[in-house]
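One structure is given below, encoded as structure tokens.
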Amino acid sequence: MDETMTNPLLDTLELPRFGDILPDQIAPALDKVLGDHRAVVERIVATQPRSFAEAWLPLERADTAITAVWSAVSHLHGVADTPELRAAYVTGEERLVENNLEVMQNQALYAVLVALTQTTEFASLPDADRVAVDHRIRDFVLSGVALEAEDRARFAAISVELSQLSTAFGNAVLDATDAWFEHVEDAALLAGISEADTAMFADAATARGLPGWVVTLQMPSVSAVLTFAEDRGLRERVYTAYGTRASDQGPHAGQFDNSGRIASILDLRREGARLLGFTDPVAWSLATKMAPDAATVLAFLRDLGHRAKPAAIREYAELAEFAADHLGIAALQPWDMSYVSDRLRAARYAVDEQEVRAYFPVDRVIAGWQQLLDRLFGIRLIARADVPVYHPDACYYDVADEDGAIIAGVYVDLHARTGKRGGAWMAQARPRLKDGNSRRVPVAYLVCNFAPKTDGSPSLLSHKEVVTFLHETGHCLHHLFTRIDRPSIAGTNGFEWDAIELPSQLMEDFAWDRDVLNGMSGHYQTGAPLTAELFDKLLAARRFLSGMFVVRQVEFALFDLLLHLGTLGSDPMEVIEAAREAVAVVRPPAWHRFPHGFTHIFAGGYAAGYYSYLWAEVLSADGFQRFAEAGLVDRVTAATFRDEVLSRGASRPAADSFRAFRGRDADPQAILVRHGLAVHDDR
Ligand SMILES: [Zn+2]
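Quick note: the sequence shown uses the UniProt record's numbering, first residue 1, plus one each step.
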């Protein structure tokens, strides 16, 4: 019998048959798709085809089959996990990583694709076809496969060493975090801290066999102390221990010191960049991003810092004044910042979250969400009870265009439950595909973790959760509106990483409009929309200290970029001081060691890429401004956004798509408008 009949995971063209999928089908399904993939690669390498149909399409089809199997498995792992499923998932994930490494090191396959680009046929292919191949070749080059034997070996060794150093860096931060704690026996020391947080400290003490309370450097503990502890000495000790983790300073000076690792990581990144033909690690990082070059990013950051700094200085002065007048703090210290901020927020901008939640029962939010999508894009979501799901909370919708044609599908799964990972995310279920004469529409998963309904009330969302819901909707639309038939560059796939949050953050901003919120809110008892008073409070809270937030992000991004450029040398403390000199309004003490715990760039994927947060925010804020200028919920603007950005995916540079939508490059001023720090000037 055909395996696709017996193993539902292999039925990769139809929607996943969630009711039939079992953990023990995962390994055999992977055997099949990985085996097919290997056979395809071997055939291409052996026959050296010169046509797109023979050199590219079989590879793409084999990739798509793997993705189809794996997206169903990883979705189930994320939303309906069991011990058996997790075990199969972990093993499968390892096999996929291995397969990918093997393919990306295949020089013969790389050579076939390069030869394909030199044919006369290739020049006449549609843009998307060429871009898909070019992207793959670029990824091959970045994996070192195009290097001569000696360099290739060195590059591979560097990659391994860098990955080990990153892990060691992260572990040192974890170990330093775990190593420090303060035993508290006098309850008075914890004054100001909530009951829940105090209970957390009591648990930490019990876990160590101690009476009283234990304050640790875990994030919830640090944040509780720095934000709420009235005892200034306790705040200072926690701030000091936290800010010197894994360094040559502080209570565990030298014990987990990341100084040497930072130096080695920088050296290896520089060497790796040079081997690949880049001037420095920044150019290496930007090779796959929207930002064109280091000079542009530097100018962007300096300009943004310059624009935001006056607001940051005003906010700092407001904090200092409030601290002196109301809290008896004559000179603000870094360990006072969160505490004073929270007091000022409570005094001037307090929002009662429970009160706000009452206005956002989930059914009302979903109805308003459907209305918003209809008003903006002319699409309707039609619930399909006949499509199998894995839990009663999940629902599948057909996405119908204005003319009634079904153009996409989306699984919406909104509530927290056992076996479901926390957070919110979008993932792809099926790509848009041409299959003979029939078309397959793109399908996405939209997952959130809202509180389930209780006996007394429906599921009530916080405003922040409404924002999150629209954020993930933006990612979904990117996938659902694609018109690109090459899955590797459709929707969010292959889209420049520093622009990927453009659709999501742009959609988020609709949750900050009064009229849109009127449509998405309705008190669960009275049906009344969110009051103007609550809305104004939410808005004020959103804008609270946002100038200081922006300059801090600029400081980190500048540090990351300057350090990887190497123009100011390799001493991280000298470089961060230079970054602070340019933008900071809060100067940590000389012994503070921010770089030593900066896992984003030394143990995460943000090396020479931290600027992406701000870069994407400028794009989304400026994109949203175009909607605002046209009256916000505007069909023409939405259609242009869909045509010029969402539907194109990575088939052309994001910069071109943005320009086509906006009529010009992004204006950094938009970020200040978004944060309420400037009025928008219409030019
Ligand atoms: Zn996002």
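The beta-carbon is built from N, C-alpha and C at its ideal position, and this holds for glycine as well.
Local Cβ density within 10 Å of residue i, reported as buried at 16 or more and exposed below that
i, result
"K309", "buried"
"I407", "buried"
"K289", "buried"
"H326", "exposed"
"V90", "exposed"
"M219", "exposed"
"V516", "buried"
"R486", "buried"
"N437", "exposed"
"G19", "exposed"
"A191", "exposed"
"G409", "buried"
Ligand 3 heavy atom lying under 7 Å from the CB of residue i
i, result
"E501", "Ligand 3 is not among the ligands present in this structure, which contains only ligand 1."
Straight-line Cα distance separating residue j from residue i
i, j, result
"F495", "G649", "6 Å"
"R593", "T244", "5 Å"
"A427", "L101", "23 Å"
"V636", "Q625", "14 Å"
"M337", "W615", "26 Å"
"G209", "E182", "14 Å"
"D139", "M104", "8 Å"
"A429", "M507", "21 Å"
"I489", "L381", "25 Å"
"A202", "S459", "31 Å"
"W213", "R343", "24 Å"
"A123", "V40", "24 Å"
"P281", "Y606", "12 Å"
"T623", "D656", "Here the sequence assigns Gly to residue 623, which means Thr is not the residue at that position. Roughly 13 Å between the two C-alpha positions."
"C448", "M520", "17 Å"
"A541", "D352", "11 Å"
"A383", "F228", "46 Å"
"D81", "A196", "29 Å"
"A246", "G170", "9 Å"
"L266", "V173", "18 Å"
"L59", "H37", "7 Å"
"A670", "H479", "26 Å"
"V583", "A311", "12 Å"
"L275", "D175", "34 Å"
Selection from the options that minimises the alpha carbon distance to residue i
i, options, result
"V365", "A511, F602, A394, I66", "A511"
"W180", "H252, L565, L538, L286", "H252"
"H306", "E581, E93, G35", "E581"
"Y613", "E644, A532, S504, E577", "S504"
"V69", "T216, A295, L96", "L96"
"G272", "G144, V340, A557", "G144"
"A666", "D20, F658, I313", "F658"
"A579", "H564, D571, F559", "F559"
"H415", "P442, P431, T64, L446", "L446"
"G78", "H479, W425, H523", "W425"
"P49", "G19, E94, A115", "A115"
"G527", "P361, A590, G404", "P361"
"S620", "E501, V551, L538, K434", "E501"
"P334", "P653, P28, P588, A65", "P588"
Terminal residues of the beta strand (DSSP E) in which residue i lies
i, result
"R440", "438-440"
"W512", "Run containing W512: none; DSSP gives neither H nor E here."
"F450", "443-450"
"Q669", "It is not in any beta strand (DSSP E) - Q669 instead sits in the alpha helix (DSSP H) that spans 669-674."
"R432", "Counting along the chain, R432 falls outside any beta strand (DSSP E), and DSSP gives it neither H nor E."
"residue 687", "Because the chain is modelled from 1 through 683, residue 687 falls outside the range shown and cannot be assessed."
"D293", "Segment: none, D293 is in no beta strand (DSSP E) and carries neither H nor E."
"V399", "395-400"
"L381", "380-383"
Start and end residues, alpha helix (DSSP H) containing residue i
i, result
"G629", "In the sequence on display, residue 629 carries Glu and not Gly. E629 -> alpha helix (DSSP H) spans 612-629."
"A283", "281-286"
"G423", "Run containing G423: none; DSSP gives neither H nor E here."
"G663", "Neither: G663 is in no alpha helix (DSSP H) and is coded neither H nor E."
"I265", "259-275"
"S338", "337-349"
"R245", "Here R245 belongs to no alpha helix (DSSP H), and DSSP marks it neither H nor E."
"I366", "362-377"
"S223", "219-228"
"P572", "572-583"
Test: residue i CB closer than 8 Å to a CB of chain B
i, result
"P292", "Note that chain B does not occur in the displayed structure, where there is just one protein chain."
Contained alpha helix (DSSP H) runs [length at least 4] in the region 144-212, N- to C-terminal order: 149-179, 195-207
Counting only runs of 4+ residues fully inside the region 514-547, write out the alpha helix (DSSP H) ranges in chain order. 514-520, 532-543
Runs of 4 residues minimum, wholly inside the UniProt domain "Oligopeptidase A N-terminal" (46-152): which ones carry the alpha helix (DSSP H) assignment? 52-55, 57-79, 83-104, 107-117, 120-123, 127-142
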